[in-house]
Structure formats: C-alpha cells, structure tokens
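Residue numbers (our numbering): 603 to 775.
All C-beta atoms, glycine included, are put in the ideal place defined by N, C-alpha and C.
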C-alpha cells in the first residue's frame, strides 16, 4: 500500500470542497444574479485563503519533524557497537579498592591500545584473565555494547557503549 504525500492531498481538497458546496441546478444557475455567482466565488476563494496557511504550516512542521527523525535515526546508528578485532591482554592490575584494570592491545595494529576497568565485585571476570590471553568483543544484537569473551568462548562480561552506559537502569551489567 503506497502512502499519499501531504503535498498531493492539498490540490485534491479544493475541488472536493467546491464539488461538495451546495450548488444550484444548471437551469437555475443560468438565471442566477451576478451577486450569487460572486458570493459563491468569494466563499471558495476565502476558504482557500484562510485554510492555505494552515495546510502549508502543517506541511512545514511535518517536514521538520521528518528531518529530525532521520537525523535521530542516523545518530543512533552511528553510536551502535560495531565489530572489534580480538585484543591481547598486555597487563592485568588489581586496584586498592578491589577493581581490576586490564590493558589491551590489537595484535594487528600495535599502536591501538585500550583499557578496560572492571569494578570490584565478588565474581569479577577480570580475576581469571592473564597476560597473553586473547579477548573477543562481540557486538550485542541491538548494538548496546559488546560481550567480552575469552578465547575459548566463555562470556566474561558485558561492556556497554558510552551511550548505553549513560542511560543504564542499574549499576551492574
């Protein structure tokens, strides 16, 4: 089913309004005074002049809304979690508060470094990670982050994107 655009509907309304107006029969219209014809013409023109700004304003607001929606969708797509290469663990450091900081490096591009910090908790996934391990970062289906997995496929944790972390509903992922 194809949607009719708003711009196409406006020209269809004027003939519809004219056709729907009470018209005199053809025989009586021929004998109508010029005043009757003038009143009818003035009514139709007045209706068009009064409603045209409303239709044009609605059309403009609709275009602004559609443009904003496209911009929002494009921005949301750009912030989705994308594929990352497997990263090698370069350093695992436990902090004084019990949290872990894991330094990672991309073996194909040694200048690409990353640091993942896991907060202190009893079942901390970083406790079993060793230097030289390879971690995989698989994007989640909705793009809210990555599932961090060991080389054997064991899921260690969920790493949210910065947008998902800012909108989180709990402290633990």
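Asked: If you count every other CB in all the chains shown that lies within 10 Å of the CB of residue 737, and 16 or more means buried, which is it?; Found: buried
Asked: Do the stretch 730 to 746 and the stretch 682 to 698 meet, that is, are 3 or more Cβ pairs less than 8 Å apart?; Found: yes
Asked: Any idea if residue 654 is buried or exposed, counting beta-carbon neighbours within 10 angstroms, 16 or more meaning buried?; Found: exposed
Asked: Assess, as a yes-or-no matter, whether the stretch 700 to 712 is touched by the stretch 636 to 651 under the definition of 3 or more beta carbon pairs within less than 8 Å.; Found: no
Asked: What's the C-alpha gap between residue 720 and residue 667?; Found: 41 Å
Asked: Any idea what DSSP makes of residue 651, helix, strand or coil?; Found: helix
Asked: Starting from the C-beta of residue 706, find all residues in its chain whose C-beta is less than 8 Å away, skip the five residues before and the five after it, and write them out in chain order.; Found: 689, 690, 691, 692, 715, 716, 717, 718 and 737
Asked: Can you tell me whether DSSP reads residue 729 as helix, strand or coil?; Found: helix
Asked: Comparing C-alpha positions only, which one of 760, 754 and 701 sits nearest to residue 748?; Found: 760
Asked: Whose CA, out of 643, 768 and 728, lies closest to the CA of residue 757?; Found: 728
Asked: Short check: CB of residue 700 to CB of residue 724, under 7 Å?; Found: no
Asked: Going by other Cβ atoms of all chains shown within 10 Å of its Cβ, with 16 needed for buried, is residue 698 buried or exposed?; Found: exposed
Asked: Tell me, which residues are paired with residue 704 by DSSP?; Found: 694 and 718
Asked: If you draw a straight line from the alpha carbon of residue 672 to that of residue 768, how long is it in whole angstroms?; Found: 22 Å
Asked: Would you identify the three-state DSSP class for residue 753, choosing helix, strand or coil?; Found: coil
Asked: Relative to the alpha-carbon of residue 754, which residue among 739, 764, 766 and 704 has its alpha-carbon at the smallest distance?; Found: 739
Asked: Taking residue 785 as part of the alpha helix (DSSP H), name the residues at either end of that continuous run.; Found: With the chain represented from 603 up to 775, any question about residue 785 goes unanswered, as that position is not in the structure.
Asked: Where residue 665 and residue 734 are concerned, what is the direct C-alpha to C-alpha distance, given to the nearest angstrom?; Found: 54 Å
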